[in-house]
């Protein structure tokens with residue numbers, strides 16, 4: 001299939017052949033008939049991408065700060081990889097479309113193949129021939145629906161939410177500042193509900209369009225003579241009951257102008273991208289105005305449970321969700337309560353999408369809505385695309401399942417360049433990522449279907465997906481008789497662990513988890529120094545807080561931070577003392593969301609060693625993240641953030657400091673591949689991986705039991 005993409009670094013925009021997006025649980029695959037370009041949101045993205053690096057930096061000071069922080073902590077190599085990953089990636093464009101369902105995923109009951117639908121969501125409802133969309137970002141349409149109009153779905157829902165935040169009644173008045181797409185859609189919705197609408201814009205053409213199409217009762221340019229007085233007269237001397245700001249500007253004029261034209265105790269709703277640093281006097285303070293924000297499509301937006309898992313909010317308690325807003329918008333179109341046909345001022349065939357964006361950037365002629373039309377008769381069924389002319393295979397032939405930021409920064413660049421190592425296929429949940437990774441790291445193809453990367457060519461699979469799919473992909477790889485490297489954790493369920501243990505014993509294939517820290521060069525020196533004596537160990541991690549609504553904290557998807565990250569540190573202590581954990585006890589600091597991400601863990605090992613993992617999410621980011629202390633047979637040692645090692649024994653302490661932090665990712669990948677090449681075995685014993693994974697599960701059990709010691 002074909003998809004429109006742009007590189008953030010160069011600004012290059014191309015339509016390219018990519019694999020189908022993956023069909024996940026609770027999702028539908030849609031063949032697009034139309035998609036709509038959002039001149040505001042997408043236009044600013046395209047303009048920014050076409051700027052120089054200095055221009056990009058000026059527009060994104062927060063990202064520049066993040067780059068500097070990464071440089072300080074991880075050094076230039078990792079920073080360069082992280083930045084280039086962003087700049088070189090094929091970024092999809094688009095977030096509003098309509099088409100026909102051609103596949104339905106597991107658990108989907110409200111959609112069937114052949115249904116006409118309208119879709120929403122950045123990263124989902126792309127400018128592409130085929131899209132994969134979660135059910136709560138997709139609404140069913142009548143079979144005779146006008147799909148061009150329906151493709152305004154996302155923009156209509158955003159405008160609908162702005163109107164709902166204004167909370168107006170029949171006969172009241174509203175001023176809309178900004179008569180672009182969102183402003184005119186909001187005006188149409190307000191008119192349909194019996195509200196008097198006054199439209200304001202800096203563009204005479206936008207005002208004329210709104211007036212000519214009877215979208216507003218009164219249309220004025222911002223610099224019109226006596227504009228405030230005209231608005232006052234039109235509202236019977238009261239001022240506007242509500243003002244919706246649908247403009248996009250860095251100017252403070254819209255927010256201050258809204259204060260001037262709103263009635264006393266009126267509402268101002270920010271729908272567009274404008275600053276809110278209003279002048280307190282004379283209007284905002286004296287009128288006791290209410291400032292409200294409209295959050296995108298409505299309740300459910302940015303909620304992982306709602307958007308990705310498809311869990312709806314009960315209607316009696318949340319009447320209008322983002323999906324119900326979309327449905328209401330589509331109903332207004334279907335019942336002809338609003339007519340949005342005039343909004344489409346330009347239509348381009350999808351093949352000419354670049355020309356459409358050139359118009360958005362150049363503003364060579366006036367435009368409002370720009371529709372992209374797709375060739376629905378075209379054959380698009382292609383799940384596997386060649387990205388290299390070479391079909392060279394070696395002794396070890398690698399495919400990747402999942403290739404996000406971590407894989408691109410730490411795994412893929414470190415695969416040894418060798419005639420004995422073949423690079424076969426890449427599979428991710430989006431075709432753009434699959435293709436870019438396959439091209440950059442010289443894999444033979446990118447794919448959508450698992451069977452393509454589990455075929456006879458591949459004998460070793462790297463799994464770098466979200467945590468909830470790790471166990472499943474490890475099992476699938478073992479069943480296909482493949483060696484498997486999986487990023488931590490091994491799995492999220494004890495039942496999965498038991499199945500992995502049994503299948504690994506049956507196939508005798510290597511299973512490796514990405515416990516990279518044991519491969520750090522400073523770790524090797526530390527382990528050599530402390531020897532094999534029973535020891536006491538402390539591993540303190542200043543982890544920092546992660547919001548509870550991120551996927552990592554989600555128990556079903558990320559497993560929480562104990563299963564998702566603490567396993568790293570349990571493995572490290574296991575490696576240092578050279579024996580397996582046998583008992584754990586853990587106590588977590590109480591928190592309202594029960595995240596259990598600030599805790600102390602005491603671990604006892606077979607050889608009598610003991611270790612404490614102190615994992616804290618409640619500290620300052622200015623402090624180093626990881627710190628290790630080891631005490632053994634008259635010797636003490638400290639390792640600070642994998643940059644500085646100090647060993648205390650007789651005489652003067654021995655110190656070693658390296659310029660760049662090295663957590664052992666490069667050494668780990670090389671050790672894994674070289675181990676398979678030399679003796680067919682992974683460098684971490686499978687029994688270590690099993691014991692560490694079991695210990696991670698037991699940590700959570702101990703926390704639930706109030707810190708009680710639990711045997712592994």
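Residue numbers (UniProt numbering): 1 to 712. Every residue, glycine too, gets a C-beta built ideally from N, C-alpha and C.
Can you have a look at residue i and say buried or exposed, based on whether 16 or more other CB atoms are within 10 angstroms of its CB?
i, result
"residue 152", "buried"
"residue 317", "exposed"
"residue 331", "exposed"
"residue 170", "exposed"
"residue 355", "exposed"
"residue 285", "exposed"
"residue 27", "buried"
"residue 226", "exposed"
"residue 129", "buried"
"residue 144", "exposed"
"residue 541", "buried"
"residue 34", "buried"
"residue 592", "exposed"
Could you please give the first and the last residue of the uninterrupted beta strand (DSSP E) stretch that includes residue i?
i, result
"residue 513", "511 to 513"
"residue 290", "290 to 293"
"residue 386", "384 to 386"
"residue 13", "13 to 17"
"residue 132", "130 to 134"
"residue 277", "Counting along the chain, residue 277 falls outside any beta strand (DSSP E), and DSSP gives it neither H nor E."
"residue 116", "116 to 120"
"residue 98", "96 to 104"
State the DSSP-derived secondary structure class of residue i, mapped to helix, strand or coil.
i, result
"residue 32", "strand"
"residue 605", "strand"
"residue 227", "helix"
"residue 241", "strand"
"residue 143", "coil"
"residue 425", "strand"
"residue 263", "strand"
"residue 3", "strand"
"residue 614", "strand"
"residue 20", "coil"
"residue 90", "strand"
"residue 213", "coil"
"residue 704", "helix"
"residue 42", "helix"
"residue 373", "strand"
"residue 389", "coil"
"residue 699", "helix"
"residue 690", "helix"
"residue 711", "strand"
"residue 620", "coil"
"residue 189", "helix"
"residue 681", "coil"
"residue 208", "helix"
"residue 493", "coil"
"residue 285", "helix"
"residue 10", "coil"
"residue 406", "helix"
"residue 75", "helix"
Would you list the residues sitting across from residue i in a DSSP beta bridge?
i, result
"residue 200", "177, 220"
"residue 645", "639, 656"
"residue 27", "134"
"residue 251", "Looking at the DSSP assignment, residue 251 forms no beta bridge with any residue, so it has no partner."
"residue 499", "The partner list for residue 499 (beta bridge, DSSP) is empty, contrary to what the question assumes."
"residue 399", "461"
"residue 631", "536, 636"
"residue 415", "Per DSSP, none; premise fails for residue 415."
"residue 269", "244, 292"
"residue 37", "370"
"residue 626", "541"
Taking the alpha helix (DSSP H) that residue i falls in, what are its first and last residues?
i, result
"residue 674", "665 to 678"
Could I get the ranges of all uninterrupted alpha helix (DSSP H) runs contained in the region 521 to 602, with 4 residues as the minimum, in chain order? 521 to 530, 567 to 577
Restricting to runs no shorter than 4 residues, where is the alpha helix (DSSP H) found entirely within the region 149 to 173? 153 to 166
Which complete alpha helix (DSSP H) runs does the region 431 to 489 hold, if anything under 4 residues is left out? 431 to 440, 450 to 453, 470 to 479
Could I get the ranges of all uninterrupted alpha helix (DSSP H) runs contained in the region 308 to 364, with 4 residues as the minimum, in chain order? 322 to 334, 353 to 362
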